[in-house]
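Residue numbers (my numbering): 14 to 190.
Note that CB positions come from ideal geometry on N, CA and C, so glycine has one too.
Since we're looking at a predicted model, the values are computed, not measured.
Heads up: the structure comes next, in structure tokens.
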Amino acid sequence: KVSNLISKIKLAPHISQSYKKRLINNLNLDNIKERKFSELSGGESQRVAIAECLSTEADIYLLDEPSAFLDIEMRLQVAQLLRKSIEELKKSGFVVEHDIITQDFIADSILVFDGSPGLEGRALAPQNLRDGFNTFLKMMNITFRRDSVTKRPRVNKSGSKKDKYQKQINEYYYVPK
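This is the structure we're talking about:
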């Protein structure tokens, strides 16, 4: 049962009570605590796996597609939880994530891969978020803006004034203010 994992989290000696509470609350584990793991949906299973990972003592946290099976609101909540958790634990995290919006909320730096899938490829050197996203988005010929209300990345319409302007100034990620 999920309640067994919650008990394990509550007993973990290496994390603070506030951290434990945030982990359980932000991943909505109390809502599914009486369920068996075999009864969980994909998104519920993902939340449980993230809780297990972040409650385990480690020097480096490795997460592969943590946003898989999650709805958009939970993806952003998990992204913020991952970032805050890794910072609070004073550890490093390596996150493989193909959802660019989720990655935008998690990462300090990124690795961009270049090449032809299944044929050839190379990883570029690690880059800060702005440079990495500029590199990637330029390869994709896409520009992003940040929504002024939600602060979420939004894709500019191809050929729009914003798209043309950002390409002209070679700023594919966001226009600096």
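### Task
List the whole-angstrom C-beta distance separating N169 from T156, where the pair is believed to meet the contact cut-off of C-beta under 8 Å.
4 Å
### Query
If you drop the 5 nearest sequence neighbours on each side, which residues of the same chain put their C-beta closer than 8 Å to that of H111?
Only E78 meet the Cβ criterion.
### Task
Could you give the DSSP three-state label for A71: helix, strand or coil?
DSSP places A71 in coil when its eight states are reduced to three.
### Task
Output the boundary residues of the alpha helix (DSSP H) element that contains G145.
L142 to M153
### Message
Between R158 and K175, how many whole angstroms is the CB-CB distance? I'm expecting something under 8 Å.
### Response
6 Å
### Task
State the CB to CB distance for the pair F118 and L89, rounded to an integer number of angstroms; the pair is presumed to be in contact (CB under 8 Å).
Confirmed, about 6 Å.
### Task
Flag this pair as yes or no: are the beta carbons of Y178 and F146 separated by less than 8 Å?
no
### Task
Measure how close the beta-carbons of H27 and E70 come, nearest whole angstrom, since I'm counting them as under 8 Å.
5 Å
### Task
Have a look at I22, R35, K21 and V15 and flag the residue whose alpha-carbon is nearest the alpha-carbon of K97.
R35
### Query
What separation, rounded to the nearest whole angstrom, lies between the Cα atoms of R167 and T115?
12 Å
#### Entry: Whether K21 touches S58 by CB criterion (8 Å)
At a Cβ-Cβ threshold of 8 Å, K21 and S58 do not count as neighbours.
### Query
Just how far apart, CA to CA, sit I37 and A92?
15 Å
#### Entry: Separation of K164 from M153, as counted between CA atoms
Distance between the alpha carbons of M153 and K164: 22 Å.
### Query
Just curious, the beta strand (DSSP E) that S105 is in, first and last residue?
S105 to V109
### Query
Based on Cα-Cα distance, which residue from S51, F126 and I19 lies nearest to K33?
I19
### Message
L124 and V108 - do their beta-carbons sit closer together than 8 Å?
### Response
no
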